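Per our numbering, residue 21 is the first one in the sequence shown, and the count goes up by one each step.
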Amino acid sequence: MKNILLPTGKSLPAVGVGTWHMGESASMRVKEQESIRFAIDLGYRVFDTAEMYGEGGAETLLGQAISEALRSNVVARDQLFIVSKVFPNNANPARMISACDQSRKRLQLEHIDLYLLQWPSAHPLEETVAGFESLQSLGWIHDWGVSNFDTQNMQALRSVAGGEHCAINQVYYSVANRGPEFDLLPWQKRHSIPMMAYSPLDQGGLVNRSSLVEITERLSASSAQVALAWLISRQSVMVIPKSQDKSRLRENFEAVDLSHR
Ligand code: NAP
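Below, the structure written as structure tokens:
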């Protein structure tokens, strides 16, 4: 498995699992929980969620699947890398304490490995960075980062005291949406900040895309695998495709092998 190196020194696998639209419906709960457990059994170690997803439902679901896997010794806590996000309205020190504590409780975890600001907030960046630092002092989060930040946002963050400790930027990046390549990706490379690509399959839109068919035939791979492998093969880029289907989870996991071909 290709790994991504965070500026803080932590290394994590280049393929994880997203959880958007999970934890929204009670009737889907068992299937969704089984899919997360299957993903852990398969070898996925990075899981992305947010306090916003299912209004906490996705964190709860993920927490249940993780605690079951930890109890049955399928995986150790230090092998997992759990990412969650604070809602922008909650991104000042006072509100972040409460938001993060609720996320920890839903996830049934002492700490969150990587805590992100979900998108730029009306709260001053100084306050958000101070909030992240307080959470780190409490031991509730290890690394912190941002999401949906453009180059200007990243520059503004860099000018704030402590802003240089940002570990990652999670943005919409796919073979059909290469906007980040204009200036954001080069800027992040210059500052050694990796990119976590969300919606790497364009929310399913890249599956069976005719423009990818020639490549899929040549590589004997699916178009989802080609779309993911294309991103993974980029330096310091990782992907978090969401699937609650066991065969698609396997397919996405194996995309990393394709990125070596
Ligand atoms: P995505 O991962 O690009 O696509 C997910 C969709 O593709 C689902 O409908 C899934 O259906 C389907 N799919 C997955 N693997 C497939 C495969 N191999 N073949 C065919 N279909 C496949 O979209 P996303 O969920 O928007 O993005 C991924 C994650 O990024 C999210 O879950 C979330 O954790 C994160 N995200 C973050 C932000 C942000 O603002 N920071 C925004 C959007 C997303 P099945 O489940 O039925 O397989």
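Built from N, CA and C at the ideal position, the CB exists for glycine as well.
Remember, it's a predicted structure, so these values are computed and weren't measured experimentally.
DSSP bridge partner residues for residue i (one or two, in chain order)
{"i": "K51", "result": "Bridge partners of K51: none, in fact."}
{"i": "S157", "result": "Answer is none; S157 lacks a bridge partner."}
{"i": "L136", "result": "K105, G165"}
{"i": "V195", "result": "None; V195 has no bridge partner."}
{"i": "N23", "result": "P33"}
{"i": "G38", "result": "D68"}
Short Cβ contact (8 Å threshold) for residue i with residue j
{"i": "N112", "j": "E147", "result": "yes"}
{"i": "R270", "j": "L62", "result": "yes"}
{"i": "G165", "j": "Q190", "result": "yes"}
{"i": "I252", "j": "A34", "result": "yes"}
{"i": "F101", "j": "R65", "result": "yes"}
{"i": "S55", "j": "K266", "result": "yes"}
{"i": "E71", "j": "Q128", "result": "no"}
{"i": "I188", "j": "I213", "result": "yes"}
{"i": "K262", "j": "T39", "result": "yes"}
{"i": "C120", "j": "L145", "result": "no"}
{"i": "D170", "j": "L205", "result": "no"}
{"i": "A247", "j": "L221", "result": "yes"}
{"i": "A244", "j": "N272", "result": "yes"}
{"i": "N93", "j": "P140", "result": "no"}
{"i": "A85", "j": "R57", "result": "yes"}
{"i": "T28", "j": "D133", "result": "no"}
{"i": "S219", "j": "I24", "result": "no"}
{"i": "S36", "j": "Y73", "result": "According to the sequence displayed, residue 36 carries Gly and not Ser. No, these two residues do not count as a Cβ contact at 8 Å."}
From the options, residue whose alpha carbon lies closest to that of residue i
{"i": "H41", "options": "E88, E52, V35", "result": "E52"}
{"i": "I117", "options": "L158, V103, S179", "result": "L158"}
{"i": "E75", "options": "P33, N189, S104", "result": "S104"}
{"i": "E274", "options": "S256, R198, L239", "result": "L239"}
{"i": "Y135", "options": "F107, A114, P144", "result": "F107"}
{"i": "V298", "options": "R254, V50, S194, A89", "result": "Residue coverage of the chain in this structure runs from 21 to 281, which leaves residue 298 outside it and unanswerable."}
{"i": "L199", "options": "N168, G225, R91, V37", "result": "A small correction: the amino acid at residue 199 is Gly; Leu does not occupy that position in the sequence shown. Here the closest residue by C-alpha is N168."}
{"i": "V99", "options": "F67, Q255, T28", "result": "According to the sequence displayed, residue 99 carries Gln and not Val. When only C-alpha atoms are compared, the closest one is F67."}
{"i": "S230", "options": "E201, V257, A196", "result": "A196"}
{"i": "A150", "options": "E184, R124, D133, H131", "result": "E184"}
{"i": "N110", "options": "S47, Q175, A142, Q223", "result": "A142"}
{"i": "V259", "options": "Q223, V233, G77", "result": "Q223"}
{"i": "L26", "options": "E234, H211, E237, V233", "result": "H211"}
{"i": "R254", "options": "V276, Q264, L90", "result": "V276"}
{"i": "A192", "options": "M48, S179, M216", "result": "The sequence given here has Tyr at residue 192, not Ala. Looking at the Cα atoms, M216 is the closest of the given residues."}
{"i": "S45", "options": "M21, G77, L90, Q175", "result": "G77"}
{"i": "I235", "options": "L278, R268, Q264, K30", "result": "L278"}
{"i": "W207", "options": "R178, L232, G225, V233", "result": "R178"}
Boundaries of the alpha helix (DSSP H) in which residue i is found, first to last residue
{"i": "F273", "result": "266-273"}
{"i": "K209", "result": "204-210"}
{"i": "K105", "result": "No alpha helix (DSSP H) holds K105; the beta strand (DSSP E) holding it covers 101-106."}
{"i": "V310", "result": "What is shown of the chain runs 21 to 281, which leaves residue 310 out entirely."}
{"i": "Q245", "result": "243-252"}
{"i": "Q190", "result": "Counting along the chain, Q190 falls outside any alpha helix (DSSP H), though it belongs to the beta strand (DSSP E) covering 189-192."}
{"i": "R97", "result": "Neither: R97 is in no alpha helix (DSSP H) and is coded neither H nor E."}
{"i": "G77", "result": "77-91"}
{"i": "L226", "result": "First-last for L226: undefined, no H or E at that position."}
{"i": "P200", "result": "Neither: P200 is in no alpha helix (DSSP H) and is coded neither H nor E."}
{"i": "T171", "result": "171-178"}
{"i": "C186", "result": "Segment: none, C186 is in no alpha helix (DSSP H) and carries neither H nor E."}
{"i": "P144", "result": "P144 -> no alpha helix (DSSP H), and no H or E assigned at all."}
{"i": "S118", "result": "113-127"}
Span of the beta strand (DSSP E) around residue i
{"i": "V66", "result": "66-68"}
{"i": "P33", "result": "31-33"}
{"i": "A217", "result": "215-218"}
{"i": "M258", "result": "257-259"}
beta-carbon residue i near the ligand FMN non-hydrogen atom, thresh 7 Å
{"i": "W40", "result": "You won't find the ligand FMN in this model; what it holds is the ligand NAP."}
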